[in-house]
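All remarks here apply to the structure that follows.
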Amino acid sequence: MSLFINESTGVDGVSATGTEEQPFKSPAYALFTAREASEEPKLLVFKQDAEKGDGFVEISASALKKARKGCEGLVKKQAKQLEQEKRKQEQEEKEAAKKLESLNITIQQDCSLPEAQKCKIAKSYDAVDQRVKVSGWVHRLRSGKNHVFVVLRDGTGFLQAVLTGDLALAYQTSTLTLESTITLYGNVSKLPEGKVAPGGVELLVDYYEIVSLAPSGEDAFTNKIAEGADPSLLLDQRHLALRGETLSAVMKVRAAFLRSIRRFYDEESICEVTPPCMVQTQVEGGSTLFKLGYYGEEAFLTQSSQLYLETCLASLGDVYCIQESFRAEKSHTRRHLSEYTHIEAELCFLSFEDLLAHLEKLITKTIQYVLEDPVAGPLVKQLNPTFKAPTMPFMRLEYKDAITWLNDHDIKNEEGEAFKFGDDIAEAAERKMTDTIGLPIFLTRFPLEIKSFYMKRCPDDLSVTESVDVLMPNVGEITGGSMRIESTEELMAGFAREGISADPYYWFVDQRKYGSCPHGGYGIGTERILAWLCDRYTVRDCSLYPRFTGRCKP
Ligand code: 4AD
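According to UniProt numbering, the stretch in the sequence shown is residues 1 to 554, in order.
In structure tokens:
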């Protein structure tokens with residue numbers, strides 16, 4: 001028998017037959033097709049020959065030797081493939097049998113067991129040796145030989161649970177996916193020495209129900225928010241990303257922080273109020289106002305509730321609010337949001353030094369309360385392991401001395417030149433200074449020209465104001481505050497300086513008319529103080545659904 005081979009036009013496969021018209025591509029494959037024949041075929045290989053003319057010639061001895069080796073390899077490869085296919089088929093049969101078996105397993109609650117007490121995960125840690133019923137989301141899922149391990153999450157904590165016996169084998173267990181919701185019943189067991197799990201316990205599940213299955217495959221949770229994905233894609237999936245351990249930890253610290261600051265205000269007898277968000281006056285300059293149509297009139301989203309807080313002093317005494325503020329910030333920085341949670345307070349009958357002392361106490365006490373919180377304290381440690389609680393007194397640095405400090409450290413202004421009195425200390429320079437000093441700083445006595453219309457001048461130097469920015473390492477400014485102008489005439493001069501018509505502010509001016517008093521206040525950016533406390537690179541990580549230039553969804 002002769003087999004034909006053409007190494008350039010031949011084919012190694014079923015479409016070739018080894019004839020002159022349909023030659024094989026390789027001599028090895030030709031031998032492989034005839035491996036069961038009684039005699040080795042004669043191999044004829046196509047050769048181009050200018051003298052004798054193109055045509056098939058008998059294979060050389062050395063090429064035949066090589067072809068035989070190649071054929072042996074192909075035989076081995078085929079045997080291996082057959083073996084693999086056999087194993088795959090066996091596996092599929094095994095799985096089908098297992099599925100059939102698991103379909104027959106019905107899991108039922110054992111009515112002879114004590115009734116399970118419904119509880120949230122955080123409470124289950126204290127229910128050692130008790131039978132409980134807990135519902136939540138499958139946060140982690142791992143199958144062992146005869147066990148299935150689940151970490152359940154319900155927002156109050158994480159619970160390690162183990163399914164054994166029929167529960168592990170049942171068909172419904174094989175359908176479980178991450179983020180499915182389930183209700184577990186079982187005994188809370190204290191973990192043995194040396195083993196770790198949240199709350200130091202493990203739930204030995206005796207029965208469970210699936211509430212709702214999350215998708216598997218392409219739509220699976222892990223495909224939606226893959227680790228290291230583009231930040232903008234993660235922000236599109238913020239509703240899912242919030243389920244992650246880091247973001248949810250920051251949100252819990254945020255809740256504890258707001259609780260703690262309210263506790264501080266309560267202890268200081270400062271009254272909470274809720275000023276409006278839709279306003280017709282500006283506080284911090286027209287360029288960052290969000291305008292809105294208001295029944296045919298022009299209105300804005302508030303930049304700050306300060307002016308409204310000032311109006312409450314005469315009726316409620318010292319007041320504070322925790323309210324959203326809105327800034328149409330053109331800058332795309334790590335510390336600017338278009339909407340942020342603004343904590344503002346206004347205090348009456350106090351001096352500038354009293355205001356600074358109050359701020360120091362507020363920050364140290366509030367942080368102390370957060371760190372003492374049984375949930376938030378450990379989370380801060382997890383997010384920011386080297387965090388050191390601030391201690392009083394804070395460093396005081398006058399604006400003019402900061403200018404000298406910046407020049408001494410060769411830090412340039414926005415124009416790339418040496419700083420001069422009257423320059424705004426922009427974000428980059430401010431952060432360099434704060435990070436170098438590495439401590440909370442009260443930056444005080446800013447020049448009149450670079451501050452807002454309502455700020456009071458320093459009695460000993462009318463070119464500067466009784467103003468303060470609180471600067472924290474890694475973030476820079478987290479708080480801005482000042483003493484306020486007390487006299488109507490001076491306030492009018494402030495409006496005139498800033499080119500603002502005083503008419504819409506009649507109610508604000510009236511505070512000076514009907515019983516003026518020395519007063520001052522401040523605004524704290526919640527996301528900024530959290531970025532410092534939780535060591536987040538950007539304030540966006542400290543907001544539930546951050547809004548900034550180009551992002552207003554989901
Ligand atoms: O310094 P600001 O603009 O001061 C005021 O609005 C005063 N009227 C507050 C007052 O005295 N009642 O803002 C105060 C703080 C800043 O220190 C900063 O922490 C935060 O609000 N802040 C922002 N946070 C996030 N994104 C922005 N775009 C912010 N603008 C200000």
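Ideal Cβ placement from N, Cα and C applies to all residues, glycine included. As the structure is a computational prediction, the values presented were derived from the model and not from experiment.
Go through its chain and collect everything with a Cβ distance to residue i's Cβ below 8 Å, but skip five positions before and after it.
i: GLU101; result: LEU169
i: THR333; result: GLU427
i: ASP435; result: PRO473, ASN474
i: LYS47; result: ASP54, GLY55, PHE56, VAL57
i: GLY200; result: TYR125, LYS190, LEU191
i: LYS381; result: PHE387
Kindly list the residues whose CB is nearer than 6 Å to the CB of residue i, restricted to its own chain and excluding five residues on each side of it in sequence; keep chain order.
i: ARG153; result: GLY136, TRP137, HIS139
i: LYS365; result: PHE264
i: ALA34; result: PRO41
i: TYR207; result: GLN109, TYR185
i: VAL11; result: LYS25
i: CYS534; result: VAL250, VAL253, LEU383, ASN384
Only counting the same chain, and skipping five residues up and downstream in sequence, which positions put a Cβ closer than 7 Å to that of residue i?
i: ARG263; result: TYR369
i: LEU356; result: PHE442, VAL468
With 16 as the cutoff for other CB atoms within 10 Å, does residue i come out buried or exposed?
i: THR404; result: exposed
i: PRO231; result: exposed
i: GLN323; result: buried
i: MET433; result: buried
i: TRP532; result: buried
i: LEU176; result: buried
i: PRO484; result: It should be noted that the sequence gives Arg, not Pro, for residue 484. Label assigned to ARG484: buried.
i: CYS71; result: buried
i: THR302; result: buried
i: MET455; result: buried
i: SER325; result: buried
i: PHE421; result: exposed
i: ILE182; result: buried
i: residue 558; result: Look at the range of the chain in this structure, 1 to 554, and you will see that residue 558 is not part of it.
i: TYR522; result: buried
i: GLN306; result: buried
i: ALA220; result: exposed
i: HIS147; result: exposed
Could you pull the start and end residues of the beta strand (DSSP E) that residue i belongs to?
i: GLN91; result: Per DSSP, GLN91 belongs to no beta strand (DSSP E); it is in the alpha helix (DSSP H), 61-104.
i: ASN146; result: Per DSSP, ASN146 belongs to no beta strand (DSSP E) and is neither H nor E.
i: ASN187; result: 181-190
i: VAL509; result: First-last for VAL509: 506-513, but that is the alpha helix (DSSP H), not the beta strand (DSSP E).
i: LEU203; result: 201-212
i: VAL253; result: Element bounds for VAL253: not the beta strand (DSSP E) but the alpha helix (DSSP H), 245-267.
Could you have a look at residue i and say whether DSSP puts it in helix, strand or coil?
i: VAL380; result: helix
i: ARG547; result: coil
i: LEU362; result: helix
i: ASP535; result: coil
i: GLY416; result: coil
i: LYS330; result: coil
i: GLU7; result: coil
i: PRO231; result: helix
i: VAL370; result: helix
i: ILE121; result: helix
i: ALA345; result: strand
What are the start and end residues of the alpha helix (DSSP H) that includes residue i?
i: GLN306; result: 306-316
i: ASN407; result: 399-408
i: GLU298; result: Element bounds for GLU298: not the alpha helix (DSSP H) but the beta strand (DSSP E), 297-301.
i: MET492; result: 488-498
i: HIS239; result: 238-241
i: residue 556; result: Past the edges of the chain, shown from 1 to 554, lies residue 556, and the structure says nothing about it.
Would the C-beta of residue i count as close to ligand 2, meaning under 7 Å from any of its heavy atoms?
i: GLY286; result: Ligand 2 is absent from the structure shown, which contains only ligand 1.
Quick test of your reading: residue i and residue j, contact by CB under 8 Å. State the CB separation rounded to the nearest angstrom.
i: CYS321; j: LEU313; result: With a Cβ gap of about 13 Å, CYS321 and LEU313 do not count as contacting.
i: PHE56; j: LEU44; result: 4 Å
i: VAL162; j: PHE149; result: 6 Å
i: LEU204; j: GLN160; result: Not confirmed; about 10 Å, so no contact.
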